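Which chain is which? The protein sequence lines are A and B, in order.
Note that my numbering has the first sequence beginning at 1, numbered continuously upward.
Note that my numbering has the second sequence beginning at 358, numbered continuously upward.
Positions of the beta carbon are idealized from the N, C-alpha and C atoms, including for glycine.
Computed from a predicted model, the values in this text were never measured in an experiment.
2 protein chains.
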Amino acid sequence: MELTDRQKQILRAIVDIYVSTAEPVGSKAIAALPDVNYSSATIRNEMADLTQMGLLEQPHTSAGRIPSPAGYRFYIDELMQDYRLSLDETRSLNEALELKNQEFDKMMSQVGKLVSKMTDLPAYTVATRRSEAVAKHFDLIMAGPGSIILVLMLSGDEVKNKLVKLPVKVTEPELKLLAAVLNASLTDLTAEEITGELLEKITRSAGAASPLVPLVMDFTLECLRRQYGDVHLTGQMRLLGQPEYRDAAGKAQEVFETLDEELITNLPAVLPKDGPVQFLVGPENVAKELKDTSVVMMRFDIGDGMQGTIGVVGPTRMDYAKITAKLGYFAENLGRMFQKNGQPTPPALPDGMKNEE
Amino acid sequence: MELTDRQKQILRAIVDIYVSTAEPVGSKAIAALPDVNYSSATIRNEMADLTQMGLLEQPHTSAGRIPSPAGYRFYIDELMQDYRLSLDETRSLNEALELKNQEFDKMMSQVGKLVSKMTDLPAYTVATRRSEAVAKHFDLIMAGPGSIILVLMLSGDEVKNKLVKLPVKVTEPELKLLAAVLNASLTDLTAEEITGELLEKITRSAGAASPLVPLVMDFTLECLRRQYGDVHLTGQMRLLGQPEYRDAAGKAQEVFETLDEELITNLPAVLPKDGPVQFLVGPENVAKELKDTSVVMMRFDIGDGMQGTIGVVGPTRMDYAKITAKLGYFAENLGRMFQKNGQPTPPALPDGMKNEE
DNA sequence: ATTAGCACTCAGAAAGGCGGAGTGCTAAGC
DNA sequence: GCTTAGCACTCCGCCTTTCTGAGTGCTAAT
Numbered sequence: 001m002e003l004t005d006r007q008k009q010i011l012r013a014i015v016d017i018y019v020s021t022a023e024p025v026g027s028k029a030i031a032a033l034p035d036v037n038y039s040s041a042t043i044r045n046e047m048a049d050l051t052q053m054g055l056l057e058q059p060h061t062s063a064g065r066i067p068s069p070a071g072y073r074f075y076i077d078e079l080m081q082d083y084r085l086s087l088d089e090t091r092s093l094n095e096a097l098e099l100k101n102q103e104f105d106k107m108m109s110q111v112g113k114l115v116s117k118m119t120d121l122p123a124y125t126v127a128t129r130r131s132e133a134v135a136k137h138f139d140l141i142m143a144g145p146g147s148i149i150l151v152l153m154l155s156g157d158e159v160k161n162k163l164v165k166l167p168v169k170v171t172e173p174e175l176k177l178l179a180a181v182l183n184a185s186l187t188d189l190t191a192e193e194i195t196g197e198l199l200e201k202i203t204r205s206a207g208a209a210s211p212l213v214p215l216v217m218d219f220t221l222e223c224l225r226r227q228y229g230d231v232h233l234t235g236q237m238r239l240l241g242q243p244e245y246r247d248a249a250g251k252a253q254e255v256f257e258t259l260d261e262e263l264i265t266n267l268p269a270v271l272p273k274d275g276p277v278q279f280l281v282g283p284e285n286v287a288k289e290l291k292d293t294s295v296v297m298m299r300f301d302i303g304d305g306m307q308g309t310i311g312v313v314g315p316t317r318m319d320y321a322k323i324t325a326k327l328g329y330f331a332e333n334l335g336r337m338f339q340k341n342g343q344p345t346p347p348a349l350p351d352g353m354k355n356e357e
Numbered sequence: 358m359e360l361t362d363r364q365k366q367i368l369r370a371i372v373d374i375y376v377s378t379a380e381p382v383g384s385k386a387i388a389a390l391p392d393v394n395y396s397s398a399t400i401r402n403e404m405a406d407l408t409q410m411g412l413l414e415q416p417h418t419s420a421g422r423i424p425s426p427a428g429y430r431f432y433i434d435e436l437m438q439d440y441r442l443s444l445d446e447t448r449s450l451n452e453a454l455e456l457k458n459q460e461f462d463k464m465m466s467q468v469g470k471l472v473s474k475m476t477d478l479p480a481y482t483v484a485t486r487r488s489e490a491v492a493k494h495f496d497l498i499m500a501g502p503g504s505i506i507l508v509l510m511l512s513g514d515e516v517k518n519k520l521v522k523l524p525v526k527v528t529e530p531e532l533k534l535l536a537a538v539l540n541a542s543l544t545d546l547t548a549e550e551i552t553g554e555l556l557e558k559i560t561r562s563a564g565a566a567s568p569l570v571p572l573v574m575d576f577t578l579e580c581l582r583r584q585y586g587d588v589h590l591t592g593q594m595r596l597l598g599q600p601e602y603r604d605a606a607g608k609a610q611e612v613f614e615t616l617d618e619e620l621i622t623n624l625p626a627v628l629p630k631d632g633p634v635q636f637l638v639g640p641e642n643v644a645k646e647l648k649d650t651s652v653v654m655m656r657f658d659i660g661d662g663m664q665g666t667i668g669v670v671g672p673t674r675m676d677y678a679k680i681t682a683k684l685g686y687f688a689e690n691l692g693r694m695f696q697k698n699g700q701p702t703p704p705a706l707p708d709g710m711k712n713e714e
């Protein structure tokens, strides 16, 4: 697809204006822009061409133009200019980033809430393993008569725990023995490396606590095999702030039911494939209910072995540049919140960043 | 407030019909009911009286009547008949109850999702402590150089953990020592019972690991003092399925922003005060944004020392009887999901329950 | 006390009638 | 050749008007 500079300028202007007004853009509005020196008639001709090429659409004969999905795609790939966060925006992002250090899952969900708030759109977060998980430490704690708590530490500093009901009576020393055996035999092994043979050996060494072995192993293998963390979706209601859903609550609901399903059943579809950032524009989404919905995904770094994804969901007409910038800022600074320090340190304010709205 | 039997019958009928149709109810509709033997004119007279008493309202002169908040309140307190769950309903509730045993917080959030799905309304869950929490067990696990994981088991089988960055170099045996000291000195103590004196003693006994003590204690005290668990709010979008929000997406959004705040800042307001079930009808909610919104809350039992609350949020016009029945069923059967067994056992199907929609 | 009858009210749907934003095309201008 | 002024045309959205019918309140008869 080859466009002249003028066509690019017009397309970019249309996307920019439409994104902020949600109203079809007419030739006059473009002609009135400061750095446009053509008359509205010329622009009309160009717009007709762009429509022909499939980059613009006309809601009806006597309305202005709006970008088509292909138009958005072209914009994202070639026209979008880096949005520079204003000082104010940077400041409130920094404020937001002061999240309390807490359990991993809660932090992930907190991040989602944050992003949703800062973009004023629904957002989701997921954690994925970058590499095969291994067990780092086992712990068995008595929890009243008849039950114990199994604490399992994985690579990447994940800690999982489960209440296990005891099938047999076990004493404290016997538990200690089992824990020691587990730690000795299973540390640093992936799920695949845990063979039946190995399990037998463990069962034999476990003595009186051997009936516990299958219970423990079930849980352990399940934890090791899980490739994705939970999906945390929040801020759904913010979609209603968008004019396209103002009078069509039913549509918003449909979008969210579909999205909710998609996020769980078809997870890889909403994770960035290549590069740290990815866009799914309107019909590029598989589900037809999402054909007017776009997703911006951004990868970010967490501790070892893990990586996070933030996604923002909105109408096709969304401010891709601004959202990308905000997500980028999050991704850049979020890593350290998950680092191994007690207190997260928010990033210093960049000097002299400024931007008009 | 004294009502004749006939007035009660009419009020009940109006609530029942309005709840399911969301349309003002006219005198003819009532007269047409099978067990009503008065003419529409008589009913009109009665309706005029009920309106006078403030139990009914008229959207406009030539419309039927709808219940006023006071009308709903009267209905809930005196007229509501136990809704008997149909066999189908019981069956799908049972199906839903087959939730996977997992971490406490996840179960709570799962329960919320479930209730939301079964009532087709937004729902929230919170856990509260019934009694003072005490620490049951401490565990310190090395997690790579320079950091450890603190695992803390509380009464009620809660397990909390936190990654702690080490301010000093500590060896494995030193950690073991500290853990032993903590377990020996702090087990079964409430936050109040942990005195500065005691802390000093611990610090002295901890040897090389003593710089860790304040870090550990901060976290421990925070865990012990927390009275409420996280609030899990889900299914917000379901509110849009209700006709009152069909064309007023903005209103729904407002309701949810307010609710979200309320749930966190004013938690006790949405916990049942007396009795296992409580209703907040429309204007009984403090926030004015929620004046057309009702909440049904139900308490349920979890392990020792903890208790859960399920809340369902909906328009004032909601099927209080049905929702109460469903919540009741959940509350009755949920306890066992949180018990100390590996596999939850769904309740047996009750025999011969039947109910027409 | 109840009910049939009737006049009256009023929201919401249906129909008609602009106004104006925006287009496409033509013809003139550089 | 590209650009632009001018103009006829289209058609959505908005407003007003009309109409319908469900529902009421009141009165008078039973």
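Can you name the residues of chain A whose CB is closer than 9 Å to the CB of residue i?
i, result
"HIS417/B", "Residues of chain A passing the Cβ test: none, with the nearest at roughly 23 Å."
"PHE613/B", "GLN236, MET237 and LEU240"
"GLU619/B", "The premise fails here: GLU619/B is roughly 14 Å from chain A at the closest Cβ pair, so nothing lies under 9 Å."
For a contact defined as C-beta to C-beta under 8 Å, what are the partners of residue i on chain A?
i, result
"ALA609/B", "MET237, LEU240 and ALA249"
Who are the neighbours of residue i on chain B, taking C-beta pairs under 8 Å?
i, result
"MET107/A", "Neighbours of MET107/A on chain B: none; closest Cβ ~11 Å, over 8 Å."
"MET153/A", "ILE498, ALA500 and ILE506"
"GLU132/A", "Residues of chain B passing the Cβ test: none, with the nearest at roughly 17 Å."
"GLU95/A", "Neighbours of GLU95/A on chain B: none; closest Cβ ~18 Å, over 8 Å."
Residues of chain B with a CB under 7 Å from the CB of residue i: which are they?
i, result
"TYR245/A", "ALA606"
With H, G and I counted as helix, E and B as strand and the rest as coil, what does DSSP make of residue i?
i, result
"ARG595/B", "helix"
"PRO629/B", "coil"
"VAL170/A", "coil"
"ARG12/A", "helix"
"GLY308/A", "strand"
"PRO346/A", "The predicted model places PRO346/A with a pLDDT of 49, which falls under 50 and marks its position as unreliable; any figure quoted below should be read in that light. Looking at PRO346/A - three-state DSSP - the assignment turns out to be coil, as it is neither helix nor strand."
"MET710/B", "Its pLDDT being 44, under 50, MET710/B is placed unreliably in this model, and the value from its coordinates should be taken loosely. Of the three classes helix, strand and coil, the one that applies to MET710/B here is coil, per DSSP."
"LEU590/B", "strand"
"VAL286/A", "coil"
"VAL19/A", "helix"
Looking only at DSSP bridge pairs, what is residue i linked to?
i, result
"ASN518/B", "VAL508/B"
"SER294/A", "GLY314/A"
"GLU414/B", "ILE423/B"
"GLN364/B", "DSSP, once it has assigned bridges, lists no residue as partnering GLN364/B."
"ILE659/B", "MET663/B"
"LEU177/A", "Beta-bridge pairing links LEU177/A to no other residue."
"ARG585/B", "Checking the sequence shown, residue 585/B turns out to be Tyr, not Arg. Paired residue(s): THR485/B."
"VAL115/A", "Its beta-bridge partners do not exist; DSSP assigns none."
Taking residue i as part of the alpha helix (DSSP H), name the residues at either end of that continuous run.
i, result
"SER86/A", "Careful: SER86/A lies outside any alpha helix (DSSP H) and carries neither H nor E."
"LYS493/B", "Where LYS493/B is concerned, there is no enclosing alpha helix (DSSP H), although the beta strand (DSSP E) it sits in stretches over 492 to 499."
"VAL573/B", "569 to 582"
"LEU684/B", "677 to 691"
"LEU620/B", "606 to 622"
"MET47/A", "40 to 52"
"THR560/B", "553 to 563"
"TYR432/B", "No alpha helix (DSSP H) contains TYR432/B, which DSSP labels as neither H nor E."
Could you name the residues of the same chain whose beta carbon sits closer than 8 Å to that of residue i, not counting the 5 residues immediately before and after it, in chain order?
i, result
"VAL427/A", "There is no way to answer for residue 427/A, as the model of chain A reaches only from 1 to 357."
"LEU199/A", "VAL213 and MET217"
"PRO24/A", "TYR18, GLN58, PRO59, ALA63, GLY64, ARG65 and ILE66"
Would you give the residue range spanned by the beta strand (DSSP E) that residue i belongs to?
i, result
"ALA484/B", "480 to 486"
"ASN278/A", "Reading off the sequence, residue 278/A comes out as Gln, not Asn. First-last of the beta strand (DSSP E) with GLN278/A: 277 to 280."
CB-CB under 7 Å to residue i, same chain, minus the five flanking residues each way: which ones, in chain order?
i, result
"LYS28/A", "SER40"
"ARG487/B", "GLY662, MET663 and GLN664"
"GLY709/B", "Because the pLDDT at GLY709/B is just 43, under 50, the model does not fix this residue reliably, and the value given afterwards should be weighed accordingly. Cβ within range, chain order: n/a, list empty."
"ALA252/A", "LEU239, LEU240 and TYR245"
"LEU497/B", "ILE505, LEU507, LEU532, LEU535 and ALA536"
Using a cut-off of 7 Å between C-beta atoms, extract the partners of residue i located in chain A.
i, result
"GLU455/B", "Simply none; closest approach about 17 Å."
If you measure from the CB of residue i, is any heavy atom of the ligand SAM nearer than 7 Å?
i, result
"VAL472/B", "Here there are no bound small molecules, and the ligand SAM is not part of this structure."
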